[in-house]
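Beneath this line is the structure, given in structure tokens, with notes to follow.
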Amino acid sequence: MSALAFFSSPLGWLRVEAGAQGLRLVRFAGVPSDEERGAGWRFVEEFFDFAEAYFAGSQNPYPGRLDLSAASSRQRRLWLQTMQIPYGRTLSYAALGKLLDMHPRSVGAGMRAAPLLLVIPAQRVIYADGGIGGFAGREGAKAWLLQFEKRNLRV
DNA sequence: CGCTCGCACATGG
DNA sequence: CCATGTGCGAGCG
5 MSALAFFSSP
15 LGWLRVEAGA
25 QGLRLVRFAG
35 VPSDEERGAG
45 WRFVEEFFDF
55 AEAYFAGSQN
65 PYPGRLDLSA
75 ASSRQRRLWL
85 QTMQIPYGRT
95 LSYAALGKLL
105 DMHPRSVGAG
115 MRAAPLLLVI
125 PAQRVIYADG
135 GIGGFAGREG
145 AKAWLLQFEK
155 RNLRV
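Right, dumping it as structure tokens:
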């Protein structure tokens, strides 16, 4: 059995999963269920520390171990590149794609599939014209995160 | 100019 | 297959 827990964030519950190899999944959850303290529990705890700091205004990138083994090599490249975007900054789908020689539309598809909320800062990828872009049907959350980060930059 | 519209393009589900 | 978390250039007023 692997590890499962739910983090209570300002945006609602986040489902957090990890395995022996590292953090596997962080996404919005509905109602939390029972946690499972199986293999990789320490990775879940690492995320909790990170998330608490993040929502308290910390600008540090995620320091823990990730398990991206379920991803295609293309997704991995894209997600790792996305993690290079500095806190509070944004990049367009096209700009991000150019770095990896990917079509902007594919970047969108890759972002949609990103499994690690906050850890892979997909909220920092927006339209070339400054528009918000999508966020798996939660554009409100994306706007919230961007605004939150922008405010913290000033402080 | 600014806005709409259509289509090419590459991935992922 | 096909829908898409895009971009860009053409056409129009």
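In terms of this note's numbering, the first sequence is residues 5 to 159. The beta-carbon is built from N, C-alpha and C at its ideal position, and this holds for glycine as well. Source: prediction; values computed, not measured.
Going by DSSP, S37 is part of no beta strand (DSSP E) at all; its letter is neither H nor E. Contact between G101 and P90 is ruled out by a C-beta separation of about 18 Å, above the 8 Å threshold.
Counting along the chain, R19 sits inside no alpha helix (DSSP H); it lies in the beta strand (DSSP E) bounded by residues G16 to G23. With fewer than three CB-CB distances shorter than 8 Å, the stretch 138–145 does not count as touching the stretch 76–92. The DSSP-derived three-state label of S77 is helix. The stretch 5–15 and the stretch 111–119 do not touch, with fewer than three beta-carbon pairs separated by less than 8 Å.
Between L70 and G26 the beta-carbon gap is near 5 Å, inside 8 Å, which marks them as a contact.
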